[in-house]
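Taking it in order: structure first as structure tokens, then the write-up.
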Ligand SMILES: [Zn+2]
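Numbering (UniProt numbering), first residue to last: 1 to 154.
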């Protein structure tokens with residue numbers, strides 16, 4: 001049997017499913033007047049770490065969504081490496097987060113919208129060679145959140 005309604009079927013693309021979870025966190029950041037970026041880390045079909053941008057609330061430029069998700073996932077697993085894990089993040093990781101992802105050796109990174117200014121892919125090979133990078137999942141929704149955030153700021 002083939003499903004047509006992907007919203008209600010279990011046949012929904014897993015990458016889109018988890019990106020939606022990351023988007024929910026990004027919206028939380030938006031509500032708290034933080035740059036709306038959200039991240040989740042998934043291992044064996046389970047979310048084991050999540051985070052959203054908290055640089056304003058914590059007065060901490062390192063409080064990116066990915067950094068918090070890495071810390072939470074490592075703490076959950078009781079180990080610093082995130083092999084067999086996927087990081088879902090609504091916007092392309094920056095250089096700092098790409099560097100952190102290198103140390104975790106995370107298996108996959110799936111991101112939504114590219115970051116034309118700060119995205120790590122503009123600065124050479126910063127990701128771990130074993131990390132598979134997938135871009136453009138729910139790209140429009142992820143980008144729209146950022147665009148409307150900065151439009152409202154002006
Ligand atoms: Zn970052």
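For each residue, glycine too, the CB sits at the ideal point set by N, CA and C. Note that the coordinates shown come from a computational prediction; the quantities given were computed from them, not determined experimentally.
Put simply, the backbone Cα of residue 117 is about 32 Å away from that of residue 46. According to the DSSP assignment, residue 97 belongs to the alpha helix (DSSP H) that extends over 95-104. For residue 154, no alpha helix (DSSP H) run applies, since DSSP gives it neither H nor E. By the Cβ rule, the region 112-129 does not count as touching the region 57-70, because fewer than three pairs are nearer than 8 Å. In the DSSP assignment, residue 86 is bridged to 42 and 108. In terms of Cα proximity to residue 68, the closest of 146, 141, 33 and 104 is 104. Each residue's CA atom was taken as its position, placing residue 134 and residue 153 some 30 Å apart. In summary, residue 78 is exposed, with fewer than 16 beta-carbon neighbours lying within 10 Å of its beta-carbon over all protein chains present.
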